[in-house]
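Residue numbers (the UniProt record's numbering): 1 to 185.
This report refers to the structure that appears directly beneath it.
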């Protein structure tokens, strides 16, 4: 689905044009890369809630496609060169509509592989992010479901970015790492 077509649909559904965003599911075996967003302050004014974990990614610039955006954002945020893994004929793994601070965002999720598997991610924008971690796909899904159900002890809780909640809500059968791998083949 093209971006202009997507915006026509979101305008009809929600009465407003969506801003476009991306998130990259960077795979390493059965683990995915997560980035920890810094708390906001006077100099940090990013979209979405602070102190949350998410896949790396960001907003689509006017002159680029979501596919170009995710490759650029991964390089900018974690210093990795990546390639998009196709799912059949598609490049997009899934998409969500997210309301973040009164803005509507259409978030495109891409499955990515590192061009150099030996390269380690690092925080490239310390003014925006405070941590990185690899987490098993199944554990990530379980933690997001638990947060949505409010089932975690406060000491065990990881707060997730709203697009992550919406991903789990919209695609409940994609929790299994084997399902993720099957969709890629």
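Every residue, glycine too, gets a C-beta built ideally from N, C-alpha and C.
Since this is a predicted model, take the numbers as computed values, not measurements.
Between the alpha carbons of residue 77 and residue 99 lies a gap of roughly 23 Å. Within its own chain, the residues whose Cβ lies closer than 8 Å to the Cβ of residue 31, once the five positions on either side in sequence are excluded, are 134, 135, 136 and 137, listed in chain order. Residue nearest to residue 70 within the set 110, 147 and 146 is 110 (criterion: CA-CA distance). Within the same chain, and ignoring the five residues on either side of residue 21 in sequence, the residues whose Cβ sits closer than 6 Å to its Cβ are 59, 105 and 107. A straight line joining the alpha-carbon of residue 85 with that of residue 68 spans about 13 Å. The residue from 88, 18 and 53 with its alpha-carbon nearest to that of residue 33 is 53. Residue 102 has its alpha-carbon roughly 20 Å from the corresponding atom of residue 57. Burial state of residue 172 is exposed, judged by a 10 Å Cβ sphere holding fewer than 16 other Cβ atoms. In its chain, beyond the 5 residues on either side, 67, 84 and 110 have a beta carbon closer than 7 Å to the beta carbon of residue 91. Taking 8 Å as the cut-off, the beta carbon of residue 72 is found no closer than this to the beta carbon of residue 129.
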